[in-house]
Amino acid sequence: MALKKVLSQKYIFDKENIKALYNPTRRDIVIAFAEMSKKITSEDNLLIFYAGHGHYEKESDLGYWLPVDAEVGNPSNWLYNDQLVADVKKIKSLHTLLISDACFSGSIFKTRSVNMQEASSFIKQKYSLPSRKAITSGTLKTVPNKSVFLKYLIDRLTNNKEAFFTASQLFQSLEQPVSNNSKSLPQFGVIQNVGDEGGDFIFIKR
């Protein structure tokens with residue numbers, strides 16, 4: 012996977028700490044979260060990336076991830092965004108960044124503006140404060156086979172020149188090109204009520 016390659020080669024992501032799930036079932040995802048909650052400590056940083064099918068109910072403002080075993084009209088194997096948030100809350104990392112190329116419920120996702128000067132001037136402060144952030148593609152329906160969001164995500168991480176690249180900077184670098192070249196409007200913000208204290212996830216170059 013291209014994202015795995017750029018993270019392990021350009022940034023401080025050791026291959027042995029990267030776990031990839033290809034075409035996971037709901038059970039696979041739930042087990043992976045449970046394992047992370049036991050393994051990860053308050054000194055660790057966690058990046059979670061999901062690309063796949065999703066579903067959004069506008070009336071109830073509920074979003075779901077649809078694993079490989081999900082069935083239309085049968086929600087038993089759908090993964091509710093509320094459940095994802097509960098799973099993130101159990102993981103006691105210093106920083107958690109969720110990047111989702113699928114729908115994500117607005118009721119549990121508080122968007123925020125990005126201040127580039129702030130992000131670049133206070134790297135140490137941003138790193139010292141716990142964070143629980145999410146970057147989403149803004150897609151509310153099925154993700155296309157060729158994702159514009161994923162294309163620019165990998166491009167920005169590959170061509171970044173900064174030694175310390177915050178999630179805020181990453182989002183600002185891909186928001187405009189993604190929205191200009193697709194029907195999606197990417198979002199960045201805090202995953203609410205899971206321990207964010209104003210910090211930021213930082214990609215550190217090798």
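Quick note on the numbering used here: the sequence shown kicks off at 12 and runs consecutively.
We put the beta carbon where it would ideally sit given N, CA and C, even for glycine.
Bear in mind the structure is a predicted one, so any value in this text is a computation, not a measurement.
Determine whether the Cβ of residue i lies closer than 8 Å to any Cβ atom of chain B.
i, result
"ARG37", "Annotation note: the requested chain B is absent from the structure, which comprises a single protein chain."
Given a threshold of 16 other Cβ atoms within 10 Å of its Cβ, counted over all protein chains shown, does residue i qualify as buried or as exposed?
i, result
"ILE23", "exposed"
"MET47", "buried"
"LYS198", "The residue asked about is misnamed: residue 198 is Gln in this sequence, not Lys. With 16 or more other Cβ atoms within 10 Å, it is buried."
"LEU73", "buried"
"LYS137", "buried"
"THR291", "Because the chain spans 12 through 217 in this model, residue 291 falls outside it and cannot be assessed."
"ALA130", "Bear in mind that a pLDDT of 47 at ALA130, under 50, signals an unreliable position, so the number given afterwards is only what the model happens to contain. Buried, because 16 or more other Cβ atoms sit within 10 Å of the Cβ of ALA130."
"SER71", "exposed"
Grab me the residues of residue i's own chain with a C-beta within less than 6 Å of its C-beta, minus the 5 sequence neighbours each way, in chain order.
i, result
"LEU58", "LEU108"
"ASN192", "VAL159"
"ALA81", "ASN88, TRP89"
"LYS100", "VAL205"
"ILE146", "ILE110, PHE182, PHE199"
"PRO188", "TYR163"
"ASP112", "ALA62, SER148, VAL154, SER158, PHE160, LEU161"
Are the Cβ atoms of residue i and residue j separated by less than 8 Å?
i, j, result
"LYS144", "ILE213", "no"
"LEU32", "ASP39", "yes"
"ARG62", "LEU185", "Before going further, note that residue 62 is Ala rather than Arg in the sequence given. Contact: no."
"ALA13", "LYS30", "no"
"SER190", "ASP211", "no"
"PHE60", "ILE110", "yes"
"LEU140", "GLY209", "yes"
"ASP207", "SER148", "no"
Taking 7 Å as the limit between beta carbons, can you name the residues of its chain near residue i, skipping five residues before and five after?
i, result
"VAL17", "ILE165, LEU168, THR169"
"ARG217", "LYS21, TYR22, ILE23"
"PHE175", "ILE134, ILE213, ILE215"
"ASP98", "PHE44"
"LEU196", "GLY149, SER190"
"LYS15", "ILE29, ALA31"
"LYS172", "none"
Opposite residue i in the DSSP bridges: which residues?
i, result
"ILE215", "PHE175"
"TYR22", "LYS216"
"THR147", "SER111, GLN198"
"PHE120", "ILE202"
"SER142", "HIS106"
Counting only the same chain and skipping the five closest in sequence on each side, list residues whose C-beta sits under 8 Å from that of residue i.
i, result
"GLU54", "LEU105"
"PRO35", "ALA43, PRO78, VAL79"
"GLU86", "In the sequence on display, residue 86 carries Pro and not Glu. Cβ neighbours of PRO86 beyond the five flanking positions: TYR75."
"ILE51", "LEU57, ILE102, LYS103, SER104"
- Note down, one range per segment and in chain order, each beta strand (DSSP E) of at least 3 residues found wholly within the segment 25-109. Counting only runs of 3 or more residues that sit fully inside the segment 25-109, the beta strand (DSSP E) segments are 56-62, 64-68, 73-77, in chain order.
- Task: Would you mind listing the alpha helix (DSSP H) stretches within the segment 172-206 that are 4+ residues and don't spill past its ends, in chain order?
- Result: Complete alpha helix (DSSP H) runs here, min 4: 178-191.
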